[in-house]
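In UniProt numbering, the protein residues as written are 1 to 68.
Following this line, the structure appears as structure tokens:
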């Protein structure tokens with residue numbers, strides 16, 4: 001399953017790596033790709049293993065805001 005999350009506060013390569021790494025550590029997430037210019041994260045995941053809420057929490061733990 002694929003989902004695009006809108007994330008505020010990402011501005012540099014470090015931000016990109018922090019968010020991508022946090023998501024990739026979650027069991028069930030296969031791809032996490034940040035687009036800094038658009039403020040979006042495209043995530044490919046197995047929805048039987050991981051909930052969108054879990055991914056949002058992982059991003060917020062890195063200090064960024066997920067916007068609906």
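Idealized CB from N, CA, C, for every residue including glycine.
Do you know offhand how far residue i's Cα is from residue j's?
| i | j | result |
| --- | --- | --- |
| residue 39 | residue 47 | 23 Å |
| residue 26 | residue 6 | 18 Å |
| residue 9 | residue 57 | 15 Å |
| residue 62 | residue 20 | 10 Å |
| residue 49 | residue 4 | 18 Å |
| residue 60 | residue 31 | 18 Å |
| residue 2 | residue 67 | 17 Å |
| residue 12 | residue 42 | 17 Å |
| residue 22 | residue 37 | 20 Å |
State the beta-bridge partners of residue i as determined by DSSP.
| i | result |
| --- | --- |
| residue 42 | 4, 33 |
| residue 65 | 8 |
List the endpoints of the continuous alpha helix (DSSP H) containing residue i.
| i | result |
| --- | --- |
| residue 13 | 13-24 |
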